[in-house]
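**Q** First the structure, then my questions, so here it is.
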Amino acid sequence: MSLNETPSGERVHISFFGNRNAGKSSLVNAFTNQELAVVSKTLGTTTDPVKKAMELLPIGPVVIIDTPGFDDVGELGEKRIAKTKEVLGRTDYAVLVVDATKGLDVHDQMLVNMFKERSIPYMVVYNKMDALATLSPLGEHEMYVSALKKTNIEALKETIAHVKVTKEAPLVHDLVKRGDVVVLVIPIDESAPKGRLILPQQLVLRDLLDYGCLPICTREKELALTLSSLKQDPALVITDSQAFEIVSQIVPERIPLTSFSILMARYKGTLKDQVHGIKAIETLQEGDQVLISEGCTHHRQCKDIGTVKLPHWLLEYTSHKVQITTSSGYSFPKDLTPYKMIIHCGGCMLNAKEMQSRLRAAKAQGVPMTNYGTAIAYMHGILERALKPLHEYE
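Numbered per the UniProt record's numbering, the sequence shown spans residues 1 to 394.
Structural data, given as structure tokens:
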């Protein structure tokens, strides 16, 4: 997977915040050396967050986000500010752009406080330094730049490049040893994308290859034959969660078994809370609302996991008809209080910050949140087995 093919969820998300006409869009263009954002002296030119995935040296694969002015006014301005706040949930590094001729104001300080509350690494960038006669000393997390003259742009990039902005856990390589055989069970059905593997399968496969393991890919239909053809037991079997039930029946108890979805939740730093969240399924009653959320926006298939299979398994397990609401992409509801519980995908298309932000929002509103793999394993009575290979649950 090349840098240009790196999925959004694996990229560093760098967001530019600030007031209208502080020069955010000009700085974005100078920072990327591209005309990504529209630049105008008219207040409020940027009306919605503008997002661009690219390779940016010396940082690597990134997503650059230009946000509307945080000092916008009126009813429409409030909606734009709300959109800007949403971006905080997926921001790995924040650049606060301040007009150097005006200095920090109350809106800027509000943003700084938000960065600190969310533990987001940030830099306060005083733009338009070329318009100043003298430069006053600056403190930590502050620097001068000129988007117009492109002064200190490279210094800003270097600063960001040297900050560890992601804290994702290992995906799978720490669970096995170099030279270990690992069997990946990949169903090829209506939900499988034609001609390719889904992202969690790609990421797991690449992680195993990078660390010198011996991954073997098979369908659940050929799994028994695959296992019998091996001279010794594989160190681990990883399955698509949808095939958990049949795979658990084929794989002997002595062979460790888990799922791509569970590994993704661990990778994004949300698994422990999501394992705890599955307990809410025992309290579901007739008519309760359940939110099933996916980070991607794929076309729904006739046997879609979120709209068909999970609701079916919920009914089968609880004997209650619950009301299902679905969301996809970045359209995660702000008000989660109507829901008895949330079942989320592994979040392969979302970065760790976004997944952790959603989990924090659910916890703050008292709504238990679990994930696909955890829920499916639990409803089929194999969650303990699925968690056993993970060091955290030894």
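Built from N, CA and C at the ideal position, the CB exists for glycine as well.
Mind checking whether Arg20 and Asp66 have CB atoms under 8 Å apart?
**A** Residue 20 sits at position 20 when you count from the first residue of the sequence shown. Residue 66 sits at position 66 when you count from the first residue of the sequence shown. It is not a contact, given that the beta carbons lie outside the stated cut-off.
**Q** What's the gap between the Cα of Lys83 and the Cα of Gly9?
**A** For this step, residue 83 is matched to residue 83 along the sequence shown. For this step, residue 9 is matched to residue 9 along the sequence shown. Straight-line Cα distance between these residues: approximately 19 Å.
**Q** Please tell me whether Asp288 and Lys363 are closer than 8 Å, where the distance is taken between their beta carbons.
**A** On the sequence shown, position 288 is the one that residue 288 refers to. On the sequence shown, position 363 is the one that residue 363 refers to. Not closer than 8 Å, so no.
**Q** Answer yes or no: do Val106 and Leu96 have a C-beta to C-beta separation smaller than 8 Å?
**A** Residue mapping note: residue 106 aligns to position 106 of the sequence shown, counting from 1. Residue mapping note: residue 96 aligns to position 96 of the sequence shown, counting from 1. Against a cut-off of 8 Å, the Cβ pair of Leu96 and Val106 comes out as no contact.
**Q** Which value, in whole angstroms, describes the spacing of the CA atoms of Ala375 and Ile343?
**A** Along the sequence shown, read from residue 1 onward, the residue named residue 375 stands at position 375. Along the sequence shown, read from residue 1 onward, the residue named residue 343 stands at position 343. The alpha-carbon atoms of Ala375 and Ile343 are separated by roughly 7 Å.
**Q** Would the stretch 84-91 and the stretch 354-362 be scored as touching if the rule is three or more Cβ pairs under 8 Å?
**A** Contact holds: three or more Cβ-Cβ distances are below 8 Å.
**Q** If we ignore side chains and look at the alpha-carbon of each, how far apart do Thr134 and Leu175 end up?
**A** Within the sequence shown, the letter at position 134 stands for residue 134. Within the sequence shown, the letter at position 175 stands for residue 175. If I take the Cα positions, the gap works out to 56 Å.
**Q** Quick check on this structure: which residue in Leu148, Ile59, Lys79 has the alpha carbon closest to the alpha carbon of Asn29?
**A** Within the sequence shown, numbered from 1, the residue matching residue 29 stands at position 29. With distances taken between Cα atoms, Asn29 lies closest to Leu148.
**Q** Roughly how many angstroms lie between the CA atoms of Gly373 and Gly212, to the nearest whole one?
**A** Your numbering for residue 373 matches position 373 in the sequence shown. Your numbering for residue 212 matches position 212 in the sequence shown. Distance between the alpha carbons of Gly373 and Gly212 is about 26 Å.
**Q** Whole angstroms is fine: what's the gap from Asp335's alpha carbon to Thr151's?
**A** The count along the sequence shown starts at 1 and reaches residue 335 at position 335. The count along the sequence shown starts at 1 and reaches residue 151 at position 151. Rounded to the nearest angstrom, the two C-alpha atoms are 43 Å apart.
**Q** Out of Ala265, Pro215, Leu104, state which residue places its alpha-carbon closest to the alpha-carbon of Leu138.
**A** Looking up residue 138 in the sequence shown gives position 138. Minimum Cα distance to Leu138 is reached at Leu104.
**Q** Leu184 and Ile238: beta carbons closer than 8 Å?
**A** Numbered from 1 along the sequence shown, position 184 holds the residue referred to as residue 184. Numbered from 1 along the sequence shown, position 238 holds the residue referred to as residue 238. Yes. Within cutoff.
**Q** Taking Gln285 and His320 to be in contact with their CB atoms under 8 Å, please state how far apart those CB atoms are, rounded to whole angstroms.
**A** Reading the sequence shown from its first residue, position 285 is the one you call residue 285. Reading the sequence shown from its first residue, position 320 is the one you call residue 320. Right, the Cβ-Cβ distance comes to about 6 Å (below 8 Å), so this counts as a contact.
**Q** So the candidates are Lys116, Arg254, Leu209, Ile188; which of them puts its Cα closest to the Cα of Ala386?
**A** Counting from one through the sequence shown, the residue named residue 386 turns up at place 386. Checking every option, the nearest Cα to that of Ala386 belongs to Arg254.
**Q** Tell me the DSSP bridge mates of Ala53?
**A** Within the sequence shown, numbered from 1, the residue matching residue 53 stands at position 53. In DSSP, Ala53 forms a bridge with Val63.
**Q** What residue does the beta strand (DSSP E) around Asn371 start on, and which one ends it?
**A** Numbered from its first residue, the sequence shown carries residue 371 at position 371. Segment 369-371, the beta strand (DSSP E) holding Asn371.
**Q** Under a three-way DSSP split, which group does Ser146 fall into?
**A** In the sequence shown, the residue the question calls residue 146 occupies position 146. Here Ser146 sits in strand by DSSP.
**Q** Measure the Cβ-Cβ separation of Cys217 and Ser293 and say whether it is below 8 Å.
**A** Start at 1 with the first residue of the sequence shown, and residue 217 comes out as number 217. Start at 1 with the first residue of the sequence shown, and residue 293 comes out as number 293. No. Outside cutoff.
**Q** Using the C-alpha atoms, what's the distance from Gln242 back to Cys302?
**A** Working through the sequence shown from its first residue, we reach residue 302 at position 302. Working through the sequence shown from its first residue, we reach residue 242 at position 242. In this predicted model, Cys302 has a pLDDT of only 47, less than 50, meaning its place in the structure is not dependable; the value taken from the coordinates is given anyway. Distance between the alpha carbons of Cys302 and Gln242 is about 14 Å.
**Q** Using 8 Å for Cβ pairs, my map puts Lys128 next to Gly23. What's the rounded Cβ distance?
**A** On the sequence shown, residue 128 is found 128 positions in, with the first residue counted as 1. On the sequence shown, residue 23 is found 23 positions in, with the first residue counted as 1. Right, their Cβ atoms sit about 6 Å apart.
**Q** Can you say whether Ser136 is buried or exposed, counting buried as having 16 or more other CB atoms within 10 angstroms of its CB?
**A** Within the sequence shown, the letter at position 136 stands for residue 136. By the neighbour-count rule (16 or more Cβ atoms within 10 Å), Ser136 is not buried but exposed.
**Q** Just the Cα atoms here: how many angstroms apart are Gln232 and His162?
**A** Position 232 of the sequence shown, counting from 1, holds the residue named residue 232. Position 162 of the sequence shown, counting from 1, holds the residue named residue 162. Gln232 and His162: Cα-Cα distance of roughly 44 Å.
**Q** Going by DSSP, what residue range makes up the beta strand (DSSP E) through Met341?
**A** For the purposes of this step, residue 341 is taken as the residue at position 341 of the sequence shown. Per DSSP, Met341 belongs to the beta strand (DSSP E) from 341-344.
**Q** Output needed for Ile120: all residues of its chain with C-beta closer than 6 Å, excluding positions within five of it in sequence on either side, in chain order.
**A** Here residue 120 refers to the residue found at position 120 of the sequence shown. Same-chain partners within the cutoff: Thr91, Ala94.
**Q** Which of the three DSSP states, helix, strand or coil, is assigned to Cys302?
**A** Along the sequence shown, one-based indexing puts residue 302 at 302. Residue confidence for Cys302 is low, a pLDDT of 47 falling below 50, so the modelled location carries little weight and cannot support an answer.
**Q** Does DSSP put Ser2 in a helix, a strand or coil?
**A** Locating residue 2 in the sequence shown gives position 2, where the first residue counts as 1. Here Ser2 scores only 43 on pLDDT, less than 50, and its place in the model should not be relied on; the value that follows carries that caveat. If DSSP states are grouped into helix, strand and coil, Ser2 belongs with coil.
**Q** Starting from the C-beta of Ala224, find all residues in its chain whose C-beta is less than 8 Å away, skip the five residues before and the five after it, and write them out in chain order.
**A** The count along the sequence shown starts at 1 and reaches residue 224 at position 224. Closer than 8 Å at Cβ, skipping near neighbours: Ile250.
**Q** So, with DSSP's three-state summary, where would you put Tyr317?
**A** By one-based count along the sequence shown, residue 317 stands at place 317. Tyr317: helix per DSSP, three-state reduction.
**Q** Can you round the beta-carbon distance between Ala131 and Met143 to whole angstroms, since I take them to be within the 8 Å contact cut?
**A** Your numbering for residue 131 matches position 131 in the sequence shown. Your numbering for residue 143 matches position 143 in the sequence shown. In fact, because the Cβ distance is near 16 Å, the residues do not count as touching under 8 Å.
**Q** Take His173 and list the residues in its own chain whose beta-carbon comes closer than 8 Å to its own, dropping the five residues that flank it on each side.
**A** On the sequence shown, residue 173 is found 173 positions in, with the first residue counted as 1. These residues qualify, in order along the chain: Asp207, Leu208, Asp210, Tyr211, Cys213.
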